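Below is one structure; the comments refer to it alone.
Numbering (this note's numbering), first residue to last: 58 to 353.
Put into structure tokens, the structure is as follows:
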């Protein structure tokens, strides 16, 4: 009953999607490896006695190929990314689409389309690319002055992708700190020790420490804007330490956020004043006289 928007059916559909998303993502990745990279097609069955995080790692890496700390990090990441208010782009997309009373599968598809954008779900991949560039171009990762100067070059559009952005920094809501990033950082350090990548973690931490001051210097001493890292800053590093392929970073975000999306859909379609979402747009151009086609 895809078009049945009764509460009971929406809850049933939501639980079904939340439960199946890890397997859908893992099997899709295995199909990708087989079809495009000529790798062995490995289809493993989920195990009922282990957690969702453990099952996901089992499906993409195999039995016994992950540690308890790695599965704990995936579990933490799923919780931290599960929901973040209705204003984030993919959740708002979910609510807008759901407000038309379309089926849940169409609504989730629209939310995934939003999440796919590099400014939303793909942000941690940009952080990874930026940090790789810093690692290659900064000779001493512990040299505060050298790292700071390179960050200034990034802001000045002189190096890396010349966008003038330090990725993983700044948020539409958080300014002093992103509590999700703070929680992830603690476990990320433990994971870095386990993976033998503590030096790399310390470089991330140094960039986090230096960026607010670098940003202030770039903007001018009088700026009042405060910036902090967001959850994307460490999430890519965590996934890299665990050995999760980059192709799965954004799908892993969707695997977490599907629960939040479904909750927002149910709320959107069950509150008493429900109506189709139709934002107003006002033209700010000056009024122009119409010129007929023959006179143009």
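Don't be surprised by glycine CBs; every beta carbon is placed ideally from N, CA and C.
Bear in mind that the values here come from a model prediction, so they are computed numbers and not experimental data.
Using the DSSP secondary-structure output, state which residues sit across from residue 286 in a beta bridge. 226
So for residue 293, helix, strand or coil by DSSP? helix
Beta-carbon within less than 8 Å of residue 85's beta-carbon, same chain only, minus the 5 sequence neighbours each way: which residues are those? 308
Buried or exposed: residue 125, going by 16 or more other Cβ atoms within 10 Å of its Cβ? exposed
Can you list, in chain order, the residues of its chain with a C-beta nearer than 7 Å to that of residue 102? Leave out the 5 residues immediately preceding and following it. none
Rounded to whole angstroms, how far is the Cβ of residue 216 from the Cβ of residue 194, which I believe are closer than 8 Å? 7 Å
Does the CB of residue 91 have a neighbour CB from chain B at under 9 Å? Of the protein chains in this structure there is only one, and it is not chain B.
For residue 96, which residues from the same chain have a beta carbon less than 8 Å from its beta carbon, with the 5 sequence-adjacent residues on both sides left out? 90
Range covered by the alpha helix (DSSP H) that runs through residue 306: 306–327
Between residue 147 and residue 181, what straight-line distance do the alpha-carbon atoms span, to the nearest angstrom? 16 Å
Rounded straight-line distance, which links the Cα of residue 74 to that of residue 315: 8 Å
Grouping DSSP H, G and I as helix and E and B as strand, with all else coil, what is residue 260? helix
Under 9 Å between the Cβ atoms of residue 186 and residue 231? no
Rounded to a whole number of angstroms, what is the C-alpha to C-alpha distance between residue 268 and residue 237? 18 Å
Measure the alpha-carbon distance for residue 201 versus residue 294 and round it to whole angstroms. 21 Å
What residue range is occupied by the uninterrupted alpha helix (DSSP H) comprising residue 344? Segment: none, residue 344 is in no alpha helix (DSSP H) and carries neither H nor E.
Roughly how many angstroms lie between the CA atoms of residue 214 and residue 208, to the nearest whole one? 10 Å
First through last residue of the alpha helix (DSSP H) which encompasses residue 129: 125–138
DSSP three-state assignment for residue 149, whether helix, strand or coil: helix
Thinking just about the alpha-carbon of each residue, which of 279, 228, 298, 282 is nearest to the one in residue 141? 228
Three-pair Cβ contact test at 8 Å for the segment 280–287 versus the segment 164–174: no
Through-space distance from residue 221 to residue 254, alpha-carbon basis: 28 Å
Can you find the residues in the same chain that come closer than 7 Å, C-beta to C-beta, to residue 160, ignoring five residues on each side of it along the sequence? 59, 60
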